[in-house]
Amino acid sequence: MNKHNPLSSIPVADWDLAWCLRFNRYSAHRAIAVFFKHISRLGNGRFWYALIVLIAVTEGLPALPLLGQTLLTAGVGVLIYKLLKQRTLRPRPYQVHQAVVLGERPLDHFSFPSGHTLHAVLFTVMLGANFPALLPVLLVFTPLVALSRMVLGLHYPTDVLAGAFLGGGLGVMGLWLF
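The sequence shown runs 18 to 195 under our numbering.
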């Protein structure tokens, strides 16, 4: 059992680390590492905010309520993921395992859940449901954001899966409530 991770004797933790290492080894290829670093940075918000501005400009006033509900739902997502990070205090893979190579500086200290993935899925659900023409781009970009977090050594697969489920659930609830 790893002294830094009391869960390491659990099969899910073994699976999580094994897949984390598999994804992370792609960061050894410079072109792949640079590509995913850019994807990760865009997934932090730049892409989503630019897309919202683009929708507001092209669709005009009728789109503003939807964009408002999307931003409000994303705000709820921030609160939930920050609360989970503070409660679980899960260290990032590179902090615990020397074999994991850090490919990008993290925005915060803890790993669970992936906020990038949560918001990528949330925005994909909400914007894709209302602007289906965006789906081809969103359905390519969102998995790349999720993958980038593992390739760069910032998250375990379970962090990314939890972020995806939370983002999907919040996105559906945001559509349903508004």
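Where is the CB? At the ideal position from N, CA and C, for every residue including glycine.
Closest by C-alpha distance to residue 147, out of 136, 35, 48 and 191, is 191. Ranked by Cα distance from residue 111, the options 173, 82 and 152 are led by 173. Counting C-beta pairs with one atom in each stretch, the stretch 26–41 and the stretch 161–173 have three or more that are closer than 8 angstroms, which means they touch.
A buried status is given to residue 68, since no fewer than 16 other beta-carbon atoms sit within 10 Å of its beta-carbon. A direct Cα-to-Cα measurement between residue 123 and residue 129 gives close to 12 angstroms.
For the pair residue 115 and residue 169, the Cα-to-Cα distance works out to about 14 angstroms. Distance from the CA of residue 121 to the CA of residue 57, rounded to the nearest whole angstrom, comes to 9 angstroms.
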